[in-house]
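K.L.:
Numbered according to our numbering, the sequence shown terminates at residue 364, and the numbering increases by one at each position without gaps. Ideal Cβ positions, reconstructed from N, Cα and C, are used throughout, including at glycine. These numbers come from a predicted model, not from an experiment.
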Amino acid sequence: MKFKHERLVYNKCKVLRIIIAVVFIIKKLIEWIRKIALKGGNVYCCICKKSYLTFLPSGDEPQAHARCPGCNSIDRHRQISILSNAIIAQNNNCINLLHIAPEVSLSEAFRKNKKVNYYAIDKFESGYHYPKYVQAMDLTDLKFQNGFFDLVICSHVLEHIEEDTLAIQNILRVLKPKGICYLVVPYFPELEKTYQNPSTNTDALRFLHYGQYDHVRKYGTDFSGRLTKAGCHVSIIYFKDNYSKPEQIKLGFLNAELIFQIAKKD
Ligand SMILES: [Zn+2]
């Protein structure tokens, strides 16, 4: 009987694997058809370097004109791409780049760039698949030597980390003296003070208080001060200011976010 039970479980797993594979193939097929159907000249994605009829909505509460039909990048990915490519271009030599919780569209572009020594890390969680080029590592305990990176990219990560000051200090430690990090967080300008409630100890409560089950705080306008207190030199990049409205539409920066550029203090 035990054998029969094991056989049943094995068959169930096999069926499940086939279903997952079929769903994956269908999803890829839809993406491919969408990419072909939306070819056009109205908008341009700076990551996949292709033109389309439009950007697509993105997110649980969909933001219009956000997602690239080709590489699936959204506004903040394209912002980071523009800023990072400027840093890469400024350097005559290869740069060491650390990408934390890497976004696929950016990873693919950086990995193809011959001027980038690319390192990607993430805190692995069970049930998720991570590409081979991503190392399992905790941002609060980086295993890289001091002063190794020219550029660190950390977008929408800190709001998941209890010890965010420790994470920031780890980033500072691995930056070269002139290295910089681009930080992006969900930012709530209506909050003067970052909101964190110690009683939010369940997924449901975190969702209720922070809008996502795995967030641990909402950053307010004191975020820059928190970074300074953690030891950073901070500059805020108001990205949209560099582009006219037609350019924002064309390049997909309508939903552009604030970028916090941090570096070691002199
Ligand atoms: Zn794209």
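Any heavy atom of ligand 1 closer than 7 angstroms to the beta-carbon of G318?
P.N.:
Flag unset: Cβ of G318 not near ligand 1.
K.L.:
Does the distance from the C-beta atom of L181 to that of I334 stay below 8 angstroms?
P.N.:
Cβ distance not < 8 angstroms, so L181 and I334 don't count as in contact.
K.L.:
So is the beta-carbon of G168 under 7 angstroms away from any non-hydrogen atom of ligand 1?
P.N.:
G168: yes, Cβ under 7 angstroms from ligand 1.
K.L.:
How many angstroms separate the CA atom of K137 from the CA atom of N353?
P.N.:
Taking the straight line joining both Cα atoms gives about 22 angstroms.
K.L.:
How is V446 classed by DSSP in three states: helix, strand or coil?
P.N.:
The shown model of the chain, from 99 to 364, leaves out residue 446, and the question about it has no answer.
K.L.:
Under DSSP, the alpha helix (DSSP H) around D220 begins and ends at which residues?
P.N.:
Careful: D220 lies outside any alpha helix (DSSP H), inside the beta strand (DSSP E) at 214–220.
K.L.:
Could you compute how far the alpha carbon of R132 sits from the alpha carbon of S205?
P.N.:
Roughly 22 angstroms separates the two Cα atoms.
K.L.:
Within the present structure, is the beta-carbon of S171 separated from the nearest heavy atom of ligand 1 by less than 7 angstroms?
P.N.:
Yes.
K.L.:
Within a Cβ cutoff of 8 angstroms, which residues of the same chain sit near D312, ignoring the five residues on either side of it in sequence?
P.N.:
H258, D301, R304.
K.L.:
Would you check whether ligand 1 has a heavy atom nearer than 7 angstroms to the C-beta of K84?
P.N.:
This structure leaves residue 84 out entirely; the chain is present only between 99 and 364.
K.L.:
Pop quiz: A199 and V255 are said to be a contact at Cβ under 8 angstroms. What is the actual Cβ separation, rounded to whole angstroms?
P.N.:
That pair is a contact at about 5 angstroms.
K.L.:
Let me know if I118 comes out buried or exposed under the rule of 16 or more other beta-carbons within 10 Å of its beta-carbon.
P.N.:
Exposed, by the Cβ-count rule.
K.L.:
For F286, name the three-state secondary structure that DSSP assigns.
P.N.:
Residue state, collapsed to three classes: coil.
K.L.:
State the DSSP-derived secondary structure class of S156, mapped to helix, strand or coil.
P.N.:
DSSP places S156 in strand when its eight states are reduced to three.
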